[in-house]
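Report on one structure; see the data block that follows.
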Amino acid sequence: MRRVLVLALGLAVGLTACARFQPVQRDRVAVGGGLSVMGSAVWNRFPVGVLGADAAWTQDGLPLDRVLFYVAHGDGTPLFEHGRDRRSLEYRANMTATEIADLWASELALAGNGDVRTGAPQPVRFAGLPGFRFDYSYANPSGLVFDGFVVGAATAKGLYLIAFAGTRAHHFLAYRSAAEHLIGSAEIAVE
Amino acid sequence: MRWISLTASAMTLLLALGGCSAGLPELVPRARPDIRSDEAGLWLVAAKSEAALQQAPTAISDPGLNRYVRGIACKVAGPYCPDIRVYLVREPGLDARMLPNGALQIGSGLLLRLRDEAQLAAVIGHELGHYVERHSFDKAWRQRVGSDIRAWLGVLAQGLAGGGGDAADALMPVRDGAFSSSQEIAADSIGLRQMTAAGYAPAAVVDFWHASVAELGERQSSIALRLLARHPAPGSRLDRLRTAVAAVAEPHAVRGYVRYQAALAPFRAAFLADEVRLRLPTETLRLFERLRRQQGLDATLAFYWGEVYRLRGWKDDRQLALKFYGEASRLPNAPVALDRSIGLVRRSESDWLAARAAFRRYLAAAPDAADAAMIRAYLAEMPEA
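Read top to bottom, the protein sequences are chains A and B. According to my numbering, the residues represented by the first sequence are 17 to 207, in order. According to my numbering, the residues represented by the second sequence are 5 to 389, in order.
Next comes the structure, spelled out in structure tokens:
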């Protein structure tokens with residue numbers, strides 16, 4: 017019995033350690049799916065995906081500011097994970113940036129946020145590819161208002177998105193340039 | 005045997021305590037609870053919620069719409085007018101709620117669903133009924149008594165070697181925070197009295213509930229229909245309301261349809277977009293049927309109807325979307341975004357010729373649109389037809 021308890025305790029401690037933030041190295045960091053970005057010590061990496069993202073980085077904590085990475089999302093896969101009791105909306109490979117922005121807004125609304133707004137998508141280069149960018153804002157269920165932007169590209173390997181958001185009161189403006197720098201450094205490896 | 009006896013005693017106690025709150029006197033205008041009372045504590049909590057409402061990013065701040073709704077609330081509230089504060093919030097779905105201290109929150113989804121001023125008066129009157137009858141305090145009191153007895157029954161059940169949980173459940177008068185049926189009936193009655201006194205047609209309340217029940221269908225769990233989910237037995241309620249309305253002596257006929265629709269017109273497209281964004285197509289389509297029955301099909305409603313199908317993207321949805329876009333285009337004041345949506349549907353069908361034509365019409369109508377560069381990029385990447 018004691019052995020089982022020790023094992024359970026060890027497992028719990030181990031899992032907790034697994035889910036801890038880790039500082040990002042100042043080097044090129046492979047995010048996954050061939051996407052890499054230039055890391056900086058200001059960012060901390062949370063090893064478990066948030067909102068269905070493949071990776072999540074933050075400076076002051078995910079509830080305040082975050083960069084979410086979605087890599088090589090395939091046709092028919094959900095963008096966000098809302099849990100078993102909530103529907104997930106699917107990304108379709110033939111979606112335009114306009115439709116992806118609509119999808120993003122719906123996902124935020126379905127996650128319980130209010131006053132969700134998305135700006136008009138603009139064509140931009142992302143990781144050297146033709147991509148898009150749009151701004152967004154929302155109020156979380158506690159009434160905290162966030163501003164953010166999404167930059168991405170739909171490729172043959174799937175959809176790549178990097179989304180930054182921070183509180184309107186401080187974090188968006190404070191960390192915007194760091195997020196821009198991060199996104200500007202994105203590269204997608206061509207197989 | 006001992007267990008049955010204890011349960012019976014507890015039930016008697018519960019009923020007795022429940023009875024303590026059943027006859028709460030109505031609040032008189034400008035009344036405030038005694039500062040030493042439990043009710044004052046409830047008002048304090050409500051005041052915090054109200055302060056959050058005042059700062060809510062979802063608050064609708066438009067002075068014209070606020071003035072209009074507050075004016076109706078004041079008419080309906082009569083002597084209670086100084087006690088009621090109205091807060092409009094951008095929230096899809098069907099919801100309005102009265103805090104115990106007289107703060108009345110009305111969601112944009114509810115405003116969208118109402119046909120006329122008389123229906124708004126009916127809803128405000130109903131919520132006023134909850135305030136005047138102090139239903140929130142009564143509910144809180146019952147919940148406290150219920151949880152106390154539940155705790156004691158739990159202790160007793162433990163002592164009597166298991167069991168008792170089901171009995172404790174049966175004794176819980178309020179489980180989910182809803183008002184009781186008798187409270188809803190009382191609120192309906194006060195609502196009818198107040199809206200009639202304010203000069204509105206009492207039949208509006210029947211129309212509102214009839215349309216809401218039709219919209220609700222069998223999907224009571226939906227987040228879009230929280231209000232109805234909290235209100236029990238809509239069928240019997242409708243019958244009761246019809247009887248009560250028929251008994252109103254010398255009913256007024258004021259519906260205020262034109263005034264209400266004019267006040268809501270600047271916000272209607274945004275409120276429709278909020279509903280579509282929730283991606284609950286079955287429920288949204290039911291809502292749109294309701295709106296078509298109430299107000300007819302205009303270009304804005306037809307456009308968003310098409311949007312529901314476009315975003316759902318099932319087998320025949322593209323064709324259905326195009327059908328509604330077509331209807332919108334034949335009606336006056338079609339939204340500029342219509343051609344962009346047609347372009348998106350045509351593009352998804354690889355109908356490049358039609359997609360190009362639609363996107364070009366969009367750019368011609370809105371050359372400075374915020375997404376003009378993106379649309380030009382779509383045009384550039386589309387293969388030649």
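Ideal Cβ placement from N, Cα and C applies to all residues, glycine included.
Own chain residues within Cβ distance below 8 Å of residue i, not counting five before or after
i, result
"Tyr63 of chain B", "The sequence shown places Ala at residue 63 of chain B, not Tyr. These residues qualify, in order along the chain: Leu57, Tyr91, Leu92, Val93, Arg94."
"Gly113 of chain B", "Glu95, Pro96, Gly97, Leu98, Asp99, Ala228, Phe275, Asp278, Glu279"
"Leu242 of chain B", "Val210, Trp213, His214, Val217"
"Ala143 of chain A", "Leu51, Ala169, Tyr176, Ala202, Glu203, Ile204"
"Ala194 of chain A", "Ser56, Val58, Trp59, Gln75"
"Glu385 of chain B", "none"
Nonlocal neighbours in the same chain, by C-beta distance under 7 Å from residue i, ignoring five residues either side
i, result
"Arg294 of chain B", "Arg117, Ala215, Ala218, Glu219"
"Ala126 of chain B", "Gly195, Met199, Ala208, Val209, Phe212"
"Gln109 of chain B", "Leu57, Tyr91, Val93, Ala100, Arg101"
Cutoff 8 Å: residue i Cβ touching any chain A Cβ
i, result
"Ala100 of chain B", "no"
"Glu95 of chain B", "yes"
"Met378 of chain B", "yes"
"Ala56 of chain B", "yes"
"Pro61 of chain B", "yes"
"Arg351 of chain B", "yes"
"Asp375 of chain B", "yes"
"Tyr382 of chain B", "yes"
"Arg281 of chain B", "yes"
Chain-order list of residues whose beta-carbon lies under 6 Å from that of residue i (same chain, five-residue window excluded)
i, result
"Ile199 of chain A", "Val167, Ile178"
"Ala332 of chain B", "Ala303, Ala306, Phe307, Ala338, Leu342"
"Gly130 of chain A", "Ala155"
"His134 of chain B", "Met102, Ala191"
"Ala113 of chain A", "Pro137, Phe148"
"Asp151 of chain A", "Gly135, Phe165"
"Asp81 of chain A", "Thr74, Gln75, Gly182, His187, Tyr191"
Distance, residue j Cα to residue i Cα
i, j, result
"Ala170 of chain A", "Ala69 of chain A", "16 Å"
"Gly92 of chain A", "Tyr107 of chain A", "5 Å"
"Ala171 of chain B", "Val149 of chain B", "Caution is warranted here: a pLDDT of 46 is assigned to Ala171 of chain B, below 50, making its placement in the model unreliable, and the coordinate value is therefore given only provisionally. Rounded to whole angstroms, Ala171 of chain B to Val149 of chain B spans 15 Å at the Cα level."
"Ala306 of chain B", "Ala250 of chain B", "36 Å"
"Glu54 of chain B", "Glu30 of chain B", "22 Å"
"Val53 of chain A", "Glu353 of chain B", "35 Å"
"Ser41 of chain B", "Ala303 of chain B", "55 Å"
"Val45 of chain A", "Glu115 of chain A", "30 Å"
"Gln123 of chain B", "Glu137 of chain B", "21 Å"
"Leu326 of chain B", "Ser345 of chain B", "9 Å"
"Asp118 of chain A", "Gly128 of chain A", "16 Å"
"Thr74 of chain A", "Gly49 of chain A", "20 Å"
"Gly135 of chain A", "His130 of chain B", "39 Å"
"Gly164 of chain A", "Ala72 of chain A", "14 Å"
"Gly90 of chain A", "Met111 of chain A", "12 Å"
"Phe216 of chain A", "Asp355 of chain B", "The question about residue 216 of chain A has no answer, for chain A in this structure spans 17 to 207."
"Ser184 of chain B", "Ser240 of chain B", "14 Å"
"Ala381 of chain B", "Gly174 of chain A", "19 Å"
"Ser122 of chain A", "Asp66 of chain B", "25 Å"
Residue-level contact to chain B via CB, residue i, 8 Å cutoff
i, result
"Thr183 of chain A", "no"
"Pro94 of chain A", "no"
"Gly90 of chain A", "no"
"Gly159 of chain A", "yes"
"Gly174 of chain A", "no"
"Pro137 of chain A", "yes"
"Ala72 of chain A", "no"
"Glu115 of chain A", "yes"
"Val283 of chain A", "Coverage of chain A is limited to positions 17 through 207, which leaves residue 283 of chain A absent and any answer about it impossible."
"Val132 of chain A", "yes"
"Ala122 of chain A", "The sequence given here has Ser at residue 122 of chain A, not Ala. Yes, its Cβ sits closer than 8 Å to a Cβ of chain B."
"Thr171 of chain A", "no"
"Ala125 of chain A", "yes"
"Leu145 of chain A", "no"
Q.
Which runs of the alpha helix (DSSP H) at least 4 residues long sit entirely within the stretch 97-154 of chain A? Give them in chain order.
A. 113-126
**Q.** Given 8 Å, three or more beta-carbon pairs between the stretch 241-257 of chain B and the stretch 280-287 of chain B
**A.** no
Q.
If we require 4 or more residues per run, which alpha helix (DSSP H) segments fall completely within the stretch 322-346 of chain B?
A. none
Q: Spell out a yes or no on whether the stretch 66-83 of chain B and the stretch 43-53 of chain B are touching, meaning 3 or more CB-CB pairs, one atom from each, closer than 8 Å.
A: no
**Q.** beta strand (DSSP E) segments (min. 3 residues) lying fully within the stretch 91-153 of chain B
**A.** 100-102, 107-111
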